Amino acid sequence: MTKPVPMAEVWRGSLLESLHLGHAVICDDSGQIVRSWGDADAVIYPRSSAKMIQALPLVTSGAAAKYGLSSEQLALSCASHNGAHIHTDRVNSWLAQLGLGDDDFRCGPQEPDDIPARNGLIKTDTSPCQVHNNCSGKHAGFLTLNQHLGAGPDYVEIDHPVQQACLTAFEEVTGMESPTYGIDGCSAPNFATTVHGLARAMSWFASAADRSDRASDAAAQLVSAMATHPDLVAGETRACTNLMRAMGGKVAVKTGAEAVFVAIIPEKKLGVAVKITDGATRASECVIASILVGLGVLEADHPETRKYVNAPLLNRRGIHCGSVRPSAEMLF
């Protein structure tokens, strides 16, 4: 088995202070590896980077069309949002459209990452609701599919038709049987695959427009929604939003917990998957941005790129004291 390789370095002065190791794969539209780092067969949980896969049954089942879901709603179904009003207002409207309420969610409450939204709750002495959960858009999608299927309320259970539909979609697009699953932060099952399997899935999404089957049409809709509404997929200050904006809607990217990051590049029909083994987000953001620069879809000198590649480390007084940079292994 190939070991993880150095992917991101943290320098302070002239000293390499920290080193992040990981795995990454770039796949073409046939699912073949174009380039890899570390162990392409390392088994990982994709966490929230797989949300566009989990959203596939929402579209392929006909539920999205039945309920007239907009591209904004499809973007939210793939989102790990900040809990800002632009997110929660839309999710609440979606729930109302279904005739449901916050208690119908199974994702659990979460304090918003959006500072104005968080301060608003504090000022009014209001507790966070489940709609503030960063996965509430995905769960609104689950509830829509669940209502369409006429299934029971506990839609996050592994044997529930909603999750079985997600598993089927997951194994189809990764091209392999999932060896296991874990329970994600939002209580939904998260199916494991290899780094190669995840990259293969992203390349399948990237080449969806070349095919005419129902699943591919659904994939193209989801990718378009993500790229068109980067502010809904994550939010202000977030890498997913910043990088998609910097690439002008030509590429869809999505992060996941424990330092997973994926990219879908339709114009090159390439899919990318990154996993940093120590779970450091600063490293996964640096690496995905470095790969996108190397592939020629992200400008190296773009202000948003510089937030992640050779990103400056500033101390409390704003003094530049180091940087987070890609390792030599990441150079194209």
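Residue numbering for the sequence shown follows this note's numbering, starting at 11 and increasing by one per position.
Where is the CB? At the ideal position from N, CA and C, for every residue including glycine.
Just so it is clear, the structure is predicted and the values come from calculations on it, not from any experiment.
Take Arg335 as the anchor and find which of Gly259, Leu324 and Tyr318 has the nearest alpha-carbon. Out of Gly259, Leu324 and Tyr318, Tyr318 has the C-alpha closest to the C-alpha of Arg335.
CB of Cys117 within 8 Å of CB of Val243, strictly: It is not a contact, given that the beta carbons lie outside the stated cut-off.
DSSP three-state label for Arg116, please. In the structure shown, Arg116 sits in coil (DSSP, three-state: anything other than H, G, I, E or B).
What does DSSP give as the partner residue(s) for Cys331 in the beta ladder? Cys331 is not bridged to any residue.
If Leu280 and Ser213 are in contact, beta carbons under 8 Å, what's the gap, nearest whole angstrom? That belief holds up - the Cβ atoms of Leu280 and Ser213 are roughly 6 Å apart, short of 8 Å.
Terminal residues of the continuous alpha helix (DSSP H) containing Glu19? For Glu19, no alpha helix (DSSP H) run applies; the uninterrupted beta strand (DSSP E) run containing it begins and ends at Val15 to Arg22, by DSSP.
Tell me whether the beta-carbon of Val261 lies closer than 8 Å to the beta-carbon of Val272. Contact annotation: Val261 and Val272 have beta-carbon atoms that are not nearer than 8 Å.
Output the distance between the C-alpha atoms of His149 and Phe115, rounded to the nearest integer angstrom. Those two C-alpha atoms are separated by around 7 Å.
For the region 200-216 against the region 31-44, are there 3 or more C-beta pairs whose distance is under 8 Å? Cβ pair count under 8 Å is three or more, so yes.
Go through the region 242-303 residue by residue and report every complete run of the alpha helix (DSSP H) that reaches 4 residues or more, in order. Fully enclosed alpha helix (DSSP H) runs of 4 or longer: 249-256.
Pull up the distance between the alpha-carbon of Gly289 and that of Glu187, whole angstroms please. For Gly289 and Glu187, the distance between alpha carbons rounds to 24 Å.
Need the endpoints of the beta strand (DSSP E) that Asn144 sits in, please. No beta strand (DSSP E) contains Asn144, which DSSP labels as neither H nor E.
Among His206, Trp47 and Tyr165, which one has its Cα closest to the Cα of Val183? Proximity to Val183 across His206, Trp47 and Tyr165 peaks at His206, based on C-alpha coordinates.
In angstroms, rounded to a whole number, what distance separates the CA positions of Gln305 and Ser90? Residue 305 is actually Leu in this sequence, not Gln. Those two C-alpha atoms are separated by around 25 Å.
Supposed contact pair Ala229 and Phe215 - C-beta distance, whole angstroms, cut 8 Å: About 5 Å; that satisfies the 8 Å criterion.
Close Cβ partners of Ile286 (< 6 Å) along its chain, the five nearest in sequence each way excluded: Closer than 6 Å at Cβ, skipping near neighbours: His30, Gly32, Ala269, Ala293 and Ser294.
Within the same chain, show all residues whose beta-carbon is closer than 7 Å to that of Lys8, passing over the 5 residues directly before and after it, in chain order. The shown model of the chain, from 11 to 342, leaves out residue 8, and the question about it has no answer.
What did DSSP end up calling Val53 once you bin it into helix, strand or coil? Residue state, collapsed to three classes: strand.
Which partner residues does Val35 have in the DSSP bridge list? DSSP lists Ser46 and Ala283 as the bridge partner or partners of Val35.
Start-to-end residues for the beta strand (DSSP E) that takes in Pro67: Premise fails: Pro67 lies in the alpha helix (DSSP H), Leu66 to Thr70, not in any beta strand (DSSP E).
I'd like to know whether the C-beta of Asp164 is nearer than 8 Å to at least one C-beta of chain B. Among the chains in the structure shown there is no chain B, since it carries only a single protein chain.
Considering Asn200, what are the terminal residues of the beta strand (DSSP E) in which it resides? Pro199 to Phe201 is the span of the beta strand (DSSP E), which, as asked, contains Asn200.
Cβ-Cβ distance between Gly195 and Ala267 below 8 Å: Inclusion of Gly195 and Ala267 in the CB contact set at 8 Å is warranted, their separation being smaller than that value.
Return the residue from the list Ala225, Trp21 and Gly147 that minimises the CA-CA distance to Cys331. Its Cα nearest to that of Cys331, the residue Trp21 stands out among Ala225, Trp21 and Gly147.
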